[in-house]
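Protein chains: 2
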Amino acid sequence: MADFALHTDFEASSVPIGELDLCCVRMQNDARWPWLILIPRRVDVADLDHLPAEDRHRLMEEQIAAMGAVRRMGEALLRPVIKLNVAALGNVTPQLHVHVIGRRRDDAAWPSPVWGVGQAQPYSEGSRVVATAAARDALGL
Amino acid sequence: MADFALHTDFEASSVPIGELDLCCVRMQNDARWPWLILIPRRVDVADLDHLPAEDRHRLMEEQIAAMGAVRRMGEALLRPVIKLNVAALGNVTPQLHVHVIGRRRDDAAWPSPVWGVGQAQPYSEGSRVVATAAARDALGL
Chain W
1 MADFALHTDF
11 EASSVPIGEL
21 DLCCVRMQND
31 ARWPWLILIP
41 RRVDVADLDH
51 LPAEDRHRLM
61 EEQIAAMGAV
71 RRMGEALLRP
81 VIKLNVAALG
91 NVTPQLHVHV
101 IGRRRDDAAW
111 PSPVWGVGQA
121 QPYSEGSRVV
131 ATAAARDALG
141 L
Chain F
1001 MADFALHTDF
1011 EASSVPIGEL
1021 DLCCVRMQND
1031 ARWPWLILIP
1041 RRVDVADLDH
1051 LPAEDRHRLM
1061 EEQIAAMGAV
1071 RRMGEALLRP
1081 VIKLNVAALG
1091 NVTPQLHVHV
1101 IGRRRDDAAW
1111 PSPVWGVGQA
1121 QPYSEGSRVV
1131 ATAAARDALG
1141 L
C-alpha cells in the first residue's frame, strides 16, 4: 500500500497547523471564517464509512477538539462564533476530509453554507499568526 | 429537563423513517437526492460538542448506518450514488441534526453542496415507498 500523501488541493487553499493522532490539521486560508480541515492520514479513503471503527471514533474526538480550536480562533480574532458547521463533503477533492467552520450571524454567507460563496480572502500575516497560534494552542500542538 | 420534541422544521420538509438508539431518522422529501437526516433525541443540543462522548460515538455509528441506507436508497431508486456528503450545519434549524446525502455526477447540484439549490421536488408516492422501504430495510427498522 502506498504511503499517505496530502492531496495537492489542500496545499493551494490552506496552511498547516499540525498533526493529531489520526489527522493532518490545516487552516483554510480564508479570513472570512475560522475554519480548520481534518484529513485522516489514511490511503484510498473517500468516505467516512471506509474508515475502520477505531479510526472513526478517533476522528470524532479530533472533530470535537477542532471545534474547540475553531471557537478559540474566533475569540483570538475578536469574532467569536455562535455555531459550528462540521461537514465531510469531498465532491471536488476526493481525499477524505472534514471541514470545521465557525459561523456568525454577520458572516459573509449566514445562514447559508460557506462553500462557493464569493472569493477566499487570504489572511494578513498578522491575523494568520493570531489564528494559527490559537488553533495550535487549543489543540496542544 | 423538558422532554425531547422534534423541531417543527423537520415535519415540513421530511418524512419519518424510524428510531435508532440515539437518533430519530427522517428522509428529506426531495427526490433529487437520497437523503436521510439524523436527529439525536437530546434536549438543548445545537452542536456536536454539546453531546457527551457516549452519544457522540453512537452518533458516529448511526451516521455509518445511515450512509449504508442512503447507498441502498440510491440503488432501489435505480440511481446508485458515488459519494456521500455528511454534514451537521444547523444554521437555520438549531436542533442538532446530521445530513447524510447521496451524490452522483449527474445530480442537480454536483459538485456543489445541495443546500439552497433550486426547489425541493417531493417524491411521487411510488418512489417514496421504494425509498423509505430501502432505508428501513437497511437500518433494520
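So the sequence lines, in the order shown, correspond to chains W and F.
Each residue of the first sequence is one higher than the one before, counting from 1 in this note's numbering.
Each residue of the second sequence is one higher than the one before, counting from 1001 in this note's numbering.
For every residue, glycine included, the Cβ atom is placed at its ideal position computed from N, Cα and C.
Whether residue i touches residue j by CB criterion (7 Å)
i, j, result
"residue 1017(F)", "residue 1099(F)", "no"
"residue 89(W)", "residue 1091(F)", "no"
"residue 1116(F)", "residue 13(W)", "no"
"residue 1042(F)", "residue 60(W)", "no"
"residue 1040(F)", "residue 1102(F)", "no"
"residue 53(W)", "residue 1087(F)", "no"
Listed by chain order, chain F residues near residue i by CB distance under 8 Å
i, result
"residue 115(W)", "1112 and 1113"
DSSP three-state assignment for residue i, whether helix, strand or coil
i, result
"residue 1108(F)", "coil"
"residue 90(W)", "coil"
"residue 98(W)", "strand"
"residue 130(W)", "helix"
"residue 39(W)", "strand"
"residue 1070(F)", "helix"
"residue 14(W)", "strand"
"residue 1006(F)", "coil"
"residue 63(W)", "helix"
"residue 1026(F)", "strand"
"residue 58(W)", "helix"
"residue 136(W)", "helix"
"residue 1048(F)", "helix"
Residue closest to residue i, alpha-carbon to alpha-carbon, out of the options
i, options, result
"residue 1093(F)", "1008(F), 1040(F) and 1003(F)", "1008(F)"
"residue 58(W)", "108(W), 4(W) and 23(W)", "23(W)"
"residue 1050(F)", "127(W), 63(W) and 6(W)", "63(W)"
"residue 1010(F)", "1052(F), 1136(F), 1095(F) and 1020(F)", "1095(F)"
"residue 105(W)", "80(W), 53(W) and 132(W)", "80(W)"
"residue 77(W)", "2(W), 132(W), 15(W) and 20(W)", "132(W)"
"residue 1066(F)", "1025(F), 1075(F) and 1127(F)", "1025(F)"
"residue 1048(F)", "83(W), 21(W), 19(W) and 15(W)", "83(W)"
"residue 129(W)", "15(W), 5(W), 3(W) and 110(W)", "15(W)"
"residue 1046(F)", "1006(F), 1135(F), 1109(F) and 1134(F)", "1006(F)"
"residue 4(W)", "44(W), 21(W) and 19(W)", "44(W)"
Chain F residues whose Cβ lies nearer than 7 Å to that of residue i
i, result
"residue 60(W)", "1056, 1057 and 1060"
"residue 37(W)", "The premise fails here: residue 37(W) is roughly 14 Å from chain F at the closest Cβ pair, so nothing lies under 7 Å."
Proximal chain W residues relative to residue i, where beta-carbon distance stays under 8 Å
i, result
"residue 1046(F)", "83"
"residue 1067(F)", "47, 48 and 49"
"residue 1103(F)", "91"
Interface residues of chain W facing residue i [CB-CB closer than 9 Å]
i, result
"residue 1087(F)", "85, 86, 87, 88, 89, 99 and 113"
Neighbour list for residue i in chain W, Cβ cutoff strictly below 7 Å
i, result
"residue 1063(F)", "48"
For the stretch 1070-1081 of chain F against the stretch 133-140 of chain W, do three or more pairs of beta-carbon atoms, one drawn from each stretch, fall closer than 8 Å, so that the two count as touching? Because the criterion of three Cβ pairs below 8 Å is not met, the stretch 1070-1081 of chain F and the stretch 133-140 of chain W do not touch.
At a cut of 8 Å, does the stretch 25-37 of chain W reach the stretch 111-131 of chain W through at least three beta carbon pairs? Segment contact: the stretch 25-37 of chain W against the stretch 111-131 of chain W, three or more CB-CB distances shorter than 8 Å; contact assigned.
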